[in-house]
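Taking it in order: structure first as structure tokens, then the write-up.
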Amino acid sequence: MFELLSPALFLVAGALFTAVLKGHLRTLVLFAAPLATLWAIWQVPDGVSATVTFLQYYELQPVEGSPLRRLFATVFALMAFTGALYAFRQAKWYELASAQAYAAGAVGVCFAGDLITLFVFWELMALFSTVIVWCGGTPAARAAGVRYAIIHLLGGVILKVGIEGVVVHTGSIDIQPMLATNFDTWMILIGILINAAAPPLSAWLADSYPESSPTGSVFLSAFTTKTAVLALILLFPGEQVLIWVGLYMVMYGIIYALLENDARRILAYSVVNQVGFMVCGVGIGTEMALNGAAAHAFAHIIYKALLFMSAGVVIYRTGKSKCTDLGGLFRTMPYTTICCVIGALAISGFPLTSGFTTKTLISQAAIDAHLGVVYLLLAAASAGVFLHAGIKFPWFVFFQKDSGLRPKEAPWNMGLAMFIFAALCILIGIFPGYFYPFLPYAMDYEPYDSAKVLFYLQLLLFSGLAFFILLPLMRRTLTISLDTDWFWRVPLYRLYTWLGVGLKRFVHAVRGIADGVKGRVQDWSRGEGLKSGTLGELLSQPITATSLWIGVLLIGYVFAYFL
Amino acid sequence: MNGEKHAKNNPEQNPEPWLVRPESIRGICYGSVAVLVIVVLLETVVPIKGYFTIDNWHGFGAVFGFLSCLIMVLVAKGLGLLLKRPQDYYLDIPAEQEQEKEKEQEEKVDV
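Residue numbers (this note's numbering), protein chains in the order written: chain A, 2 to 564; chain B, 50 to 160.
Below, the structure is given as structure tokens:
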């Protein structure tokens with residue numbers, strides 16, 4: 002049954018029904034569609050079972066199964082389910098429907114056997130994630146959504162240029178490992194890296210995610226960047242440049258998160274940081290490293306969603322998201338605090354959490370590949386993650402000073418969703434033996450080697466010490482930090498408005514001249530005794546004026562050509 | 050809101066939670082220092098074999114973790130001087146304002 006029908010279609014149907022149904026029926030669809038997708042994902046056989054001819058020339062492979070693809074699709078479906086549970090009583094119906102369509106895009110990318118199918122689902126994601134940003138409902142969210150859409154449409158165009166090039170030059174639309182060696186493959190790589198929030202356009206992520214609704218950011222954190230990681234694993238395993246791109250992202254995320262005052266923006270920067278670990282793993286490219294990237298993506302979706310959920314609860318209950326306004330919330334939100342701390346420990350890679358059993362795979366791969374510098378930078382980054390996401394985020398939101406806020410605990414559905422993900426963080430951390438067999442490559446790896454555990458305990462606990470010693474240096478200020486988005490939000494925007502005004506003046510000047518000419522012509526036509534204003538009337542009609550303009554332009558063009 | 054008033058008016062009835070009392074904070078500090086000392090001392094029992102020559106000495110993880118954080122915070126602080134702006138920085142050039150200006154200009158031009 003699933004040779005041609007992508008499991009994503011269940012979510013597409015779910016999105017449509019969510020949009021038209023109401024009440025309990027809608028709730029039923031919200032839960033049933035991800036579960037049906039989850040079931041379908043595990044019915045997909047390995048390899049390509051059937052093809053469809055498209056435009057007489059291309060053999061599309063809408064469904065291609067493999068352990069790696071199923072792993073990513075599973076966590077996306079899981080996310081769609083738990084996200085729906087988290088949001089269904091609080092979010093607007095159009096946000097819920099968009100989230101399902103967005104998840105459908107992500108699952109569709111997972112099973113896309115060819116570049117054309119991949120592109121279609123890729124754009125589906127871009128479309129509906131933009132809607133989710135807009136669901137923030139504020140003017141800031143609308144503006145951020147427009148910027149988000151522009152960057153993603155640009156990324157889509159670059160990806161499409163690359164795909165066209167590869168198809169024209171190799172004749173193949175297959176998804177297969179390649180290296181960035183020529184223009185086409187570079188375009189594909191850049192197109193994917195834009196979605197992975199790689200430099201220099203990485204600013205789109207921290208610009209848009211924090212503007213969405215408290216529930217929207219949970220969905221946003223999961224799909225776009227992780228499908229990009231999957232695409233990198235499928236298309237560019239072992240591409241050396243990715244190691245350095247990944248390391249840059251890791252450090253960029255930490256530094257900006259340290260400067261940030263907005264709780265959700267801290268988490269947004271830490272998404273870039275975590276995706277950096279995965280991109281680096283793809284760059285290393287060994288079986289262990291790819292396992293690490295895939296496993297880390299799986300674990301990351303869960304704990305990052307958990308962190309965004311706890312931030313979402315705080316914003317939902319207090320309406321505030323700035324560290325300077327928050328603090329001391331553990332008094333009345335103990336349950337949310339515990340869930341947040343579990344997520345924070347998991348993102349820091351503390352032993353007995355999912356972050357430890359997945360992130361150390363990438364570090365081990367760096368050791369095995371004798372990449373000493375990469376290993377040490379990743380270790381330093383692990384310390385930095387504990388600093389900015391592991392302690393800073395829960396500390397400033399739930400502890401530090403008493404802000405005087407006494408919000409109620411999370412609503413039951415949000416609490417239950419957080420429970421599911423918190424439990425998964427711990428289960429994957431304590432029983433990695435049940436998780437590793439789902440990874441794409443068989444491997445012999447024991448995360449709980451006593452020396453390794455002790456090393457990471459030293460690393461993390463002493464970065465905790467550093468946090469509290471350096472706390473005076475990290476006093477929160479009512480500021481934002483300039484990022485690369487400054488280039489398109491200030492100078493590029495000014496240029497655009499300046500050109501717009503200039504163009505308007507030019508058009509007005511030309512129109513003035515034209516009016517003058519028209520007046521003359523009218524005088525002339527009257528004077529010549531023609532029926533009153535025939536030519537003048539004709540010229541005042543829009544169509545005539547347009548054709549006249551086209552004529553003028555053509556004459557100008559012919560002149561320019563001969564010059 | 051009620052809870053807030055209640056807590057402020059009756060400190061005896063509704064004491065500060067355990068976590069923020071001065072004596073428990075002191076206890077947490079001592080406990081943390083003890084844990085830090087233990088994880089470094091444990092290395093004598095559980096030797097950590099470095100993978101590259103640089104990470105072979107005792108307490109490397111602790112020093113490396115602390116120093117990396119120190120450097121990152123200082124770098125962030127330094128970059129902050131350069132990059133930090135008031136939080137309404139981008140609001141000074143909102144699209145709406147620009148559009149308003151454009152409209153005004155258009156009207157002027159039309160007149």
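Where is the CB? At the ideal position from N, CA and C, for every residue including glycine.
The structure displayed is predicted, hence computed values, not measured ones.
Report the CB separation of residue i from residue j in whole angstroms; it is logged as a contact under 8 Å.
i, j, result
"A:V280", "A:A223", "Contact flag wrong, Cβ pair sits at about 17 Å."
"A:I152", "A:S271", "That pair is no contact at about 20 Å."
"A:G217", "A:E96", "6 Å"
"A:F1", "A:F331", "Residue 1 of chain A is absent from the model: chain A starts at 2 and stops at 564."
"A:A204", "A:T485", "5 Å"
"A:S99", "A:P63", "With 8 Å as the limit, A:S99 and A:P63 do not qualify as a contact, their Cβ atoms being about 23 Å apart."
"A:L327", "A:S404", "6 Å"
"A:F184", "A:G166", "6 Å"
Within a Cβ cutoff of 7 Å, which residues of the same chain sit near residue i, ignoring the five residues on either side of it in sequence?
i, result
"A:Y376", "S364, A367, I368"
"A:G356", "A300, Y304, A347, I348, S349, G350"
"A:T225", "M126, S130, N196"
"B:N51", "Confidence at B:N51 is low in this model, with a pLDDT of 39, below 50, so its placement is unreliable and the value that follows should be read with caution. Answer for B:N51: no residue qualifies."
"A:D175", "D115"
"A:G293", "G282, T359, L362, I363, A366"
"A:V162", "M188"
"A:F120", "L160, K161, I164"
Keeping to the same chain, check which residues put their C-beta closer than 8 Å to that of residue i; ignore five residues upstream and five downstream.
i, result
"A:L461", "S349, G350, F351, S383, A384, F387, G391"
"A:F82", "F32, P35, L36, L39"
"A:P178", "L235, L236, F237, P238, G239"
"A:G24", "none"
"A:A85", "L31, F32, P35, L97, A100, Q101"
Under 7 Å between beta-carbons, which chain B residues line up against residue i? List them in chain order, please.
i, result
"A:G385", "S117, C118, M121"
"A:I368", "Y100"
"A:R490", "Y139"
Nearest by alpha-carbon distance to residue i: which of the options is it?
i, options, result
"A:G296", "A:F420, A:L202, A:P441, A:D208", "The sequence shown places Ala at residue 296 of chain A, not Gly. When only C-alpha atoms are compared, the closest one is A:P441."
"B:G110", "A:K360, A:Y457, A:V511", "A:Y457"
"A:P608", "A:F89, A:S50, A:F18", "The requested residue 608 of chain A is not part of the displayed model; chain A covers only 2 to 564."
"A:A102", "A:G329, A:Y59, A:F220", "A:F220"
"A:L425", "A:T118, A:W499, A:I302", "A:I302"
"A:C340", "A:L155, A:V314, A:F120", "A:V314"
"A:M419", "A:A306, A:L17, A:A298", "A:A306"
"A:L243", "A:W94, A:G66, A:E124, A:A290", "A:A290"
"A:A113", "A:A78, A:D208, A:A232", "A:A232"
"A:L206", "A:T28, A:T54, A:Y249, A:R148", "A:R148"
"A:T338", "A:L308, A:L474, A:V45, A:Y317", "A:L308"
"A:W123", "A:V158, A:K93, A:R265", "A:V158"
"A:L248", "A:A141, A:A381, A:P492, A:G84", "A:A381"
"A:L202", "A:A150, A:D185, A:A181", "A:A150"
"B:E65", "A:A312, A:V276, A:K402", "A:K402"
"A:P448", "A:Q459, A:G434, A:T182, A:T547", "A:G434"
"B:V89", "A:I316, A:L455, A:Y562", "A:L455"
Within a Cβ cutoff of 6 Å, which residues of the same chain sit near residue i, ignoring the five residues on either side of it in sequence?
i, result
"A:I267", "A258, E261, F394"
"A:F397", "C324"
"A:G557", "none"
"A:A74", "I42, V108, C111"
"A:T319", "L406, P408"
"A:V168", "I174"
"A:S464", "A384, F387, L388"
"A:R27", "T19"
"A:L564", "none"
"A:A229", "I193, N196, A197"
For a contact defined as C-beta to C-beta under 8 Å, what are the partners of residue i on chain B?
i, result
"A:F468", "C118"
"A:G373", "Y100, F101, I103"
"A:Y376", "Y100, F101"
Determine the chain A residues that contact residue i at a beta-carbon separation under 7 Å, and present them in chain order.
i, result
"B:I97", "A452, L455, F456"
"B:Y138", "I481"
Chain A partners of residue i, CB-CB under 8 Å?
i, result
"B:V124", "I256"
"B:R134", "T480, I481, S482, L483"
Name the chain B residues that come within less than 9 Å of residue i, Cβ to Cβ?
i, result
"A:Q241", "Under the 9 Å cutoff, chain B gives no residues; its nearest Cβ is about 20 Å from A:Q241."
"A:A34", "Going along chain B, no residue has its Cβ under 9 Å from A:A34, so there is no contact; the nearest lies around 37 Å."
"A:Q459", "L85, V88, V89, L91, E92, I97, G108, F109, G110, A111, V112, F113, G114"
"A:A381", "F113, G114, L116, S117, C118, I120, M121"
Runs of alpha helix (DSSP H) wholly within the region 423-451 of chain A (minimum 4 residues, chain order):
433-436
Let me know the alpha helix (DSSP H) ranges lying completely inside the region 212-248 of chain A, each 4 residues or longer, listed in chain order.
Segments of the alpha helix (DSSP H) lying fully in the region 212-248 of chain A: 217-221, 225-236.
Uninterrupted alpha helix (DSSP H) stretches inside the region 273-346 of chain A (no shorter than 4 residues)
288-319
List in chain order: all unbroken beta strand (DSSP E) runs of 3+ residues lying wholly within the region 6-66 of chain A.
53-55, 59-61
What alpha helix (DSSP H) runs, 4 residues minimum, are completely inside the region 337-414 of chain A?
355-369, 373-386, 394-399
Could you name each continuous alpha helix (DSSP H) segment of 4 residues or more that falls completely within the region 492-529 of chain A, going from the start of the chain to the end?
492-528
What are the complete alpha helix (DSSP H) segments, minimum 4 residues, inside the region 91-136 of chain B?
109-132
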